[in-house]
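The numbering of the sequence shown is my numbering, which starts it at 723 and goes up by one.
So the structure is just underneath, and the comments pick up after that.
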Amino acid sequence: MSVEQLIAHLVKKGMLVSTEASITPLTGGVSCEILLIDDGENRYVLKRALEKLKVKDDWFADIKRNTTEQKFLSYVGGFLPESVPQILYADEEHHFFCMEMLENGLENWKTLLLNKQFNKVSAQKAGALLGCIHSRSAGDSKAEKVFDTLESFKQLRIEPYLLKTGERHPELQHYYNKEASRLASKKECLVHGDFSPKNILVNSDRLVILDCEVAWYGDPIFDLAFFLNHFALKALLHNEEAETVLDLFLEVWDAYKKKASLLIDSEFEQRLTHLLTMLMLARVDGKSPVEYLNNKQQQIIRTFAYQEIPTGSKSLEEFKTKWLNKITMKIKEIDAYQIYDSRGFPTLEVEVTLENGIKGYGLVPSGASTGQFEALELRDGDKEVFRGKSVFKAIENVKTLIAEALKGVSVFEQEQIDKTMIELDGTTNKSNLGANAILGVSMAVANTAANAKGVPLYEYLGNGEGHLIPLNEIQILGGGAHAAWATDIQDYLVIATGAKTYEETLEMTHNIYHAAGEVMKARGKCVGIADEGGWWPDYETNEEPFDVFLEAVEKAGYIAGKDVAISLDIAASDLFDGEKYRFRLDNKEFTPDEFCNLMIAWCEKYPIISIEDPFADTDFESWKRFMEVCGNKVQVIGDDLFTTNIERIKEGIANELANSVLIKLNQIGSVTETIQAIKLTQSAGWLPVVSARSGETEDAFISHLAVATNAGQLKVGSFARSERMVKWNENIRIQRSLGDKATFIGAKIYDIILEPELLKV
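Here it is in C-alpha cells:
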C-alpha cells in the first residue's frame, strides 16, 4: 500500500477528515516504518512492519509481527495502561496500526544515556515494569496461545543475534547453538523481545515502552539480558563514567527481583550473565551491530567475550566487577627511559600501561632558549655522564614516586592526575620531581586515554570540539641560541597570510624556504641548518636577513606583504643585561627606549605581522609602550614573558602587555595547565600560538593540541628535519580525519586582535 493509498484508507476508516494530511517520517528501529499523521484534527503515529530490515545484511521477517505488537500493547495496557501507548486503530489485513502520539516531555532514554544523563529512578521503574509484565503473564495460558510466535522470534532474535554470531566465531559456536536451543524451548511468560533504552520514553513521572513486535511467550532471561546488554555497552562508550552506568544496571536487577521473585531460581542469575555476554558480542558481530562503538571498543568486547563466555559469572555483581576492570582503564604501571631529542641531548619517554594492556607514550621536548620563569627541567648535572645532561633522576621519580601515586587511578582523570603530581612535587616550579618527569607522565596519560577510547588524540583532548586547522608559523632563517648566535635575532619566520588552504601554506613555505637557501648560497652566506631546521646564516648585521628573506619571497614568485608576511622571534631576554640591550653582531647597545624605537621602526619598514618577545621578560614598560603603538597592527607574542604560566598570563592581560601568548607544554609542565593557559588566553580575546621547542622529538602531540583547542596557530620550527616535518604532516592527517568538520581560516585568525584596515597583508 502506497502512502497515498494509506491516507485514503485512513479517511475511509474515519481516522482522518482529509486526504491533505501531512505525513512526517519518524526515526525508529531497523524493522519498521513509523509515520506521524496530522490533518489538523487528528494527530497520531502509524506503524507498519518492513519485510526487509534496514541493516547491511540480508535480514527478512514476517510482517505479521505487526499484529503481535498491537496485541502486546493491548495486553499490557490491560494492567499497566500508563506504561504503553493507547491503540487507536489496528488493521491486521494491511499490517499496520495507529497509536497515540506521545509528547508531554517524554524523551527517548537511549538519547539521554548517550548524552550522559543517567537517571536511577528510570532504571528502577524499567526493572519493576519488566518484572511486573513477566510475573503477571507467567502461567497465563491465554497469553501463551496468543503469543505463540516462536518463528518470528527465531527470525528476529535467535538467527541474527545468536546463530549468526556463532557462525562468525567458530570457537564459541557451540555455546551460541546451545543457548539458541534453550531459548526456543522455554515457555514461562510474555517476553517483550526488544526491551531496550531506544524503545523506552521517560520523563519525571512516566516510563512508556514501545516496539514490542518481537514479543513471544518464552524465557524472561532474554528480556533482562537484552536490556542489560545496552547498559554494558553504554558503560564502554562512557568508560570514564562506567561505574555510574553500571550502577543503573544493578538498579534494574534489584527492582526486577522484587516484582518477579517467583520466576527466579538458583541458576537464573548465572544464566542471565552468560546470555548477557553473548548478546554483547552479538551487538558487535551479529546482524544488528551497535552504531556508536568504534573498532577499538568493539575489540574490547570480543576479547572480554572470549574470556567470559566459557567460564561465566555467578552473579551480576561479579559480572559488573569483571566488566569494570576491563573498561575503566585504570593505570597498572608507569615506566620511563632515556631517549634523545633532535639535538642529540638526553630526554625521557614515559610509557603508561593500563590493566587491560592498552598503552600510551609521552616524549618530552627540551628548549635551548629557556625563560627564567619556566618550570624546571631536571637534569643530573654529572659532567662525567652525558656531559651533565642525563635525566636519570627524573626517570627514577617517574618509576617510583609518581608511579606509586597513580597506580589504580582511571586514566581519564587527567586533571586529577596532573594535580596529584603537582602536589607530590610540592614546589612552584616542579623542581623536586622535575617538570620533564611530570610532563612525560601527563602526555602519556592523555595519549593512553585517547587510545583507550579509540579516538584520535585531538578528539580526546578537545572533547570532540576541535576543528580548526592551524596557520603555520615556519622558520626560514635561524639565529640566536638556535644557531650559535649567527644573528642576535632568534628566528626569521614566514606566515603564508594569503593561503586559502592548509596545503597552500605548506606549498608557499616550501617554495620560499628553498628559494632562501639558493639566495644565501649565491651570496656565500649559508653555513648550514640551525637547530630548528632553518638556514644557518653568516651575516654582518641583524637587518641583512630581511633582505635575503624578501629576495627569497620574490624569487619564489610571491609578494611580501600580500601573499606572505614576516614573523620575528627576537628572544630579547637573551639580549638584555638589566639596563641595556646588546646586538653582538652589530656591536651596538640600546637603552630600552632605543630598542623599543628600533622594534617599532622594523614593524613599519618591513611586512611584519607577528613579533615574539620583542623585549625582556622584566622590561614591562617597553612592552606597554610597544603595544600602544603597534598592538593593533601586529601580533605581539609573549614567550619568556609568560612561560605558559597562568598567573603571569593573567598579569599580562591586566597590564595589556601583549595580545598573544606562546604556548609550550614543557614551560609549565602538564597537559592540564597548558590547556588552561590556552583557554585563559582565548577568553581574554588574545591569540594562543602552540609551539615546539628547539630540542624536539618525533612526537606530534602539539599538532593535536593545536587542533583540539582551536588555537589557530602552530609554530614548530622550519620546513626541514623530520622532528619538525612530523608536526606539519600530522596536521594533514588530522584534517583528513576531521573530513567536512575541518576548517581553515588562515590569516583571518588575526581579525580577533588586529584592525583589518591597518593590516599590511
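Each residue gets a CB set at the ideal place from its N, CA and C atoms; glycine is no exception.
Give the DSSP-derived three-state secondary structure of residue i in the structure shown.
i, result
"proline 1259", "strand"
"glutamine 1357", "strand"
"leucine 912", "strand"
"cysteine 668", "Outside the shown range of the chain (723 to 1483) lies residue 668, about which nothing can therefore be said."
"asparagine 1194", "strand"
"glutamine 1021", "helix"
"leucine 1481", "Residue confidence is low: leucine 1481 scores 45 on pLDDT, short of 50, so the model does not pin down where it sits. Its coordinate-derived value is still stated next. Coil."
"valine 930", "strand"
"methionine 1143", "helix"
"glutamine 1389", "helix"
"glycine 1239", "helix"
"glutamine 846", "helix"
"glycine 1439", "strand"
"threonine 1043", "helix"
"tyrosine 898", "helix"
"threonine 1231", "helix"
"glycine 964", "Checking the sequence, you will find alanine at residue 964 rather than glycine. Alanine 964: helix per DSSP, three-state reduction."
"asparagine 830", "strand"
"glutamate 726", "helix"
"glycine 855", "For the record, residue 855 in the displayed sequence is isoleucine; it is not glycine. Here isoleucine 855 sits in helix by DSSP."
"arginine 1065", "coil"
"threonine 1122", "helix"
In terms of residues, what are the limits of the alpha helix (DSSP H) holding residue i?
i, result
"glutamate 1181", "1179 to 1183"
"arginine 1458", "1444 to 1460"
"phenylalanine 949", "942 to 959"
"tyrosine 1472", "Careful: tyrosine 1472 lies outside any alpha helix (DSSP H) and carries neither H nor E."
"leucine 923", "Taken as a continuous stretch (DSSP letters only), leucine 923 belongs to no alpha helix (DSSP H), being part of the beta strand (DSSP E) at 922 to 924."
"proline 1329", "Neither: proline 1329 is in no alpha helix (DSSP H) and is coded neither H nor E."
"proline 1267", "1266 to 1277"
"isoleucine 1375", "1368 to 1377"
Cutting at 7 Å between CB atoms, please list the residues of its own chain near residue i, excluding the five before and the five after it.
i, result
"leucine 929", "Ser805, Ser844, Lys847, Ala848, Leu851 and Ile922"
"phenylalanine 801", "Arg858"
"alanine 1116", "Leu1070, Leu1100, Gly1156, Asn1158 and Ala1159"
"alanine 743", "Ile729, Ile759, Asp760 and Asp761"
"leucine 768", "Leu757, Ile759, Phe818 and Cys820"
"leucine 824", "Pro807, Leu923 and Val930"
Could you tell me which residues DSSP pairs with residue i in its beta bridges?
i, result
"proline 892", "According to DSSP, proline 892 bridges with nothing at all."
"tryptophan 938", "Val913"
"glutamine 813", "Per the sequence shown, the amino acid found at residue 813 is aspartate instead of glutamine. Partner(s): Phe818."
"lysine 1081", "Thr1075"
"valine 1411", "Leu1384"
"cysteine 1248", "Pro1259"
"glycine 1200", "Asp1213"
"glycine 1417", "Ser1088"
"serine 1405", "Answer is none; serine 1405 lacks a bridge partner."
"lysine 774", "Phe782"
So, for residue i: in the same chain, excluding its five sequence neighbours on each side, which residues have a beta-carbon less than 6 Å away from its beta-carbon?
i, result
"serine 1289", "Glu1195, Leu1215, Ile1217 and Ser1332"
"glutamate 1452", "Ala1422 and Ser1425"
"arginine 1370", "Phe1364"
First and last residue of the beta strand (DSSP E) that includes residue i?
i, result
"phenylalanine 1114", "Careful: phenylalanine 1114 lies outside any beta strand (DSSP E), inside the alpha helix (DSSP H) at 1114 to 1119."
"tyrosine 766", "765 to 771"
"glutamine 992", "Per DSSP, glutamine 992 belongs to no beta strand (DSSP E); it is in the alpha helix (DSSP H), 990 to 1007."
"aspartate 1308", "Counting along the chain, aspartate 1308 falls outside any beta strand (DSSP E), and DSSP gives it neither H nor E."
"glutamate 1055", "1053 to 1062"
"tyrosine 1214", "1213 to 1217"
"threonine 1170", "Where threonine 1170 is concerned, there is no enclosing beta strand (DSSP E), although the alpha helix (DSSP H) it sits in stretches over 1157 to 1175."
"aspartate 760", "754 to 760"
"aspartate 1102", "Here aspartate 1102 belongs to no beta strand (DSSP E), and DSSP marks it neither H nor E."
"serine 1289", "1287 to 1291"
Can you find the residues in the same chain that come closer than 8 Å, C-beta to C-beta, to residue i, ignoring five residues on each side of it along the sequence?
i, result
"histidine 817", "Arg770, Ala771, Ile785, Lys786, Asn788 and Thr789"
"leucine 1480", "Residue placement at leucine 1480 is flagged as unreliable, the pLDDT there being 46, under the threshold of 50; a coordinate-derived value is accordingly withheld."
"threonine 1465", "His1189, Leu1190 and Ile1191"
"glycine 1417", "Asp1063, Ser1064, Arg1065, Phe1067, Thr1069, Pro1087, Ser1088, Gly1089, Ala1090 and Asp1253"
(message) With a threshold of 8 Å, are at least 3 pairs of Cβ atoms found where one atom belongs to the region 1230 to 1238 and the other to the region 1188 to 1198?
(response) yes
(message) With three or more C-beta pairs closer than 8 Å as the rule, is the region 994 to 1002 touching the region 854 to 872?
(response) no
(request) Flag this pair as touching only if the region 1373 to 1388 and the region 1402 to 1421 have three or more C-beta atom pairs under 8 Å; answer yes or no. (result) yes
(request) Tell me, please, whether the region 1091 to 1111 touches the region 1430 to 1445 by the rule of three or more beta-carbon pairs shorter than 8 Å. (result) no
(message) Measuring CB atoms only, is the region 907 to 924 touching the region 944 to 959, in the sense that at least three cross pairs come out at less than 8 Å?
(response) yes
(message) Would you call the region 1302 to 1311 in contact with the region 1064 to 1080, where contact means no fewer than 3 C-beta pairs closer than 8 Å?
(response) no
(message) Would you call the region 899 to 912 in contact with the region 963 to 978, where contact means no fewer than 3 C-beta pairs closer than 8 Å?
(response) no
(message) Taking contact to mean 3 or more Cβ pairs, one atom from each stretch, closer than 8 Å, check whether the region 1338 to 1351 and the region 1041 to 1054 are in contact.
(response) no
(request) Examine the Cβ distances between the region 879 to 890 and the region 971 to 989 and report whether three or more of them are shorter than 8 Å. (result) no
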